[in-house]
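Read through the structure below, which is laid out as structure tokens, and then see the notes.
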Amino acid sequence: MTSHHAYLLAGACLALTLQSNTATAESRIDRQTETAVPRSQNLYGIGLGVLPKTSGSDEYRALVLPIINANYGDRFFINALQAGVWLLDSEDQRLRFGLSAEAKFGWDASKGDRTRGMDDRDFSIFVGPLLRWQTDYGTFNAQWTTDASGNSDGQQFQVQYIKSLIRSPQLRLNGLVGVTWNSQKFNDYYFGVRRDEVTPNRPFYRAGSGVEWQLGINGMMPAFKDHSLLFGAFVTRLSSEQNDSPITETRIQPLAYVGYSIPF
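According to this note's numbering, the sequence shown is numbered sequentially starting from 1220.
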């Protein structure tokens, strides 16, 4: 984590207050943009996601995953692959600081044409501080995480903006724009080629740090008896360091999912 990022998070923490525990001010949390997936209450269900087979792959794999998007006591939260706790709030809870843990998918090297014969990249858990600021114009998230599983020993710093596009009983739709800085160790783990992985068609490659961009939408439509259909689609534009890897086939990495949930 750079000192600049640390100062940003520290400054935001100083702006928060513990008065929310005793304050009479009403919470002004916007539940639709509280997470990228729009919702008005806790959601539990199952979904099917489609994502690249390996880093930079132009082929895809499908994964069946549980869907949990929920708050507990308005302090603990689970949002898909992320879980955490809010530690400090402003009086109206529109500015919140907490800690989170987030899962990162690895990949099976045998599934990719350019990665076959390499070592697999393992499933990892990244942890770190999280800042959320809700405004009348949308929600801003800033998060720094480090690899607690020790697979890459890498770090990420992400800034994300979530905007409500449609609010109606028939459809809720959020738009998302994000930028993520990945450290050298992160990129080298997922996009690098080690000495023992070199082949005549796959040269040694040591990736440096870089910035990737994300753009996407998430939607929720009511189904029978208050059940919900969830869907989303994203594209990530890889950084130059990621795109220059000999295992990368395309710079634009799409991800899509559909799911079905039951509100509680």
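All C-beta atoms in this analysis are idealised placements derived from N, C-alpha and C, irrespective of residue type, glycine included.
Which listed residue (the options) has its alpha carbon closest to that of residue i
{"i": "V1283", "options": "E1310, A1299, G1357, R1425", "result": "A1299"}
{"i": "Q1377", "options": "G1357, H1446, E1460, R1351", "result": "R1351"}
{"i": "N1261", "options": "A1322, T1455, G1292", "result": "G1292"}
{"i": "S1274", "options": "V1477, I1481, P1419, Q1472", "result": "Q1472"}
{"i": "L1270", "options": "A1302, L1474, S1480", "result": "L1474"}
{"i": "R1294", "options": "I1286, S1319, A1281, P1482", "result": "S1319"}
{"i": "H1446", "options": "F1345, D1355, L1390", "result": "L1390"}
{"i": "N1290", "options": "G1397, R1413, T1254", "result": "T1254"}
{"i": "G1325", "options": "F1316, N1401, I1344", "result": "I1344"}
{"i": "E1278", "options": "K1330, I1381, R1250", "result": "K1330"}
{"i": "Q1379", "options": "I1385, R1386, V1398", "result": "V1398"}
{"i": "I1481", "options": "G1264, P1388, I1466", "result": "G1264"}
{"i": "A1322", "options": "G1303, L1457, D1249", "result": "G1303"}
{"i": "W1432", "options": "G1438, P1441, T1418, W1400", "result": "W1400"}
{"i": "F1410", "options": "V1417, S1459, E1416, I1466", "result": "I1466"}
CA-to-CA distance, residue j to residue i, given in whole angstroms
{"i": "L1430", "j": "W1363", "result": "Note on residue identity: the sequence assigns Val, not Leu, to residue 1430. C-alpha separation (whole angstroms): 14 Å."}
{"i": "T1469", "j": "F1342", "result": "22 Å"}
{"i": "S1309", "j": "G1357", "result": "17 Å"}
{"i": "P1422", "j": "S1246", "result": "55 Å"}
{"i": "D1372", "j": "S1428", "result": "13 Å"}
{"i": "M1337", "j": "N1420", "result": "13 Å"}
{"i": "A1328", "j": "S1368", "result": "19 Å"}
{"i": "R1333", "j": "Y1476", "result": "25 Å"}
{"i": "S1365", "j": "G1347", "result": "As written in the sequence, residue 1365 is Thr, which differs from the Ser given in the question. Near 6 Å, if we compare the C-alpha coordinates of G1347 and T1365."}
{"i": "G1210", "j": "N1393", "result": "It is not possible to answer for residue 1210, since the shown part of the chain is limited to 1220 through 1483."}
{"i": "R1340", "j": "Y1424", "result": "16 Å"}
{"i": "Q1301", "j": "S1383", "result": "21 Å"}
{"i": "K1272", "j": "L1306", "result": "37 Å"}
{"i": "Q1375", "j": "F1443", "result": "40 Å"}
{"i": "V1412", "j": "S1464", "result": "8 Å"}
{"i": "S1402", "j": "A1426", "result": "9 Å"}
{"i": "I1286", "j": "R1258", "result": "13 Å"}
For residue i, the residue or residues it bridges with in DSSP
{"i": "Y1476", "result": "G1268, G1451"}
{"i": "V1283", "result": "L1267"}
{"i": "L1307", "result": "F1316"}
{"i": "L1395", "result": "I1381, G1435"}
{"i": "A1217", "result": "Outside the shown range of the chain (1220 to 1483) lies residue 1217, about which nothing can therefore be said."}
Boundaries of the beta strand (DSSP E) in which residue i is found, first to last residue
{"i": "S1383", "result": "1374-1386"}
{"i": "E1321", "result": "1314-1323"}
{"i": "N1261", "result": "N1261 -> no beta strand (DSSP E), and no H or E assigned at all."}
{"i": "E1431", "result": "1429-1441"}
{"i": "S1246", "result": "That residue, S1246, is in no beta strand (DSSP E); it is neither H nor E in DSSP."}
{"i": "S1343", "result": "1343-1354"}
{"i": "Q1196", "result": "For the chain, the structure presents residues 1220 to 1483; residue 1196 sits outside this window and is missing."}
{"i": "T1365", "result": "1357-1366"}
{"i": "N1420", "result": "No beta strand (DSSP E) contains N1420, which DSSP labels as neither H nor E."}
{"i": "I1297", "result": "1295-1298"}
Alpha helix (DSSP H) segment containing residue i, residue limits
{"i": "K1404", "result": "1403-1410"}
{"i": "N1462", "result": "1459-1462"}
Any non-hydrogen atom of the ligand FAD within 8 Å of residue i CB
{"i": "I1297", "result": "With respect to the ligand FAD, the structure shown offers nothing to examine, as it has no ligands at all."}
Problem - Touch test, the region 1438-1454 against the region 1398-1412, Cβ-Cβ under 8 Å, three pairs minimum - result: No, because fewer than three Cβ pairs between the region 1438-1454 and the region 1398-1412 fall closer than 8 Å, the two stretches do not touch.
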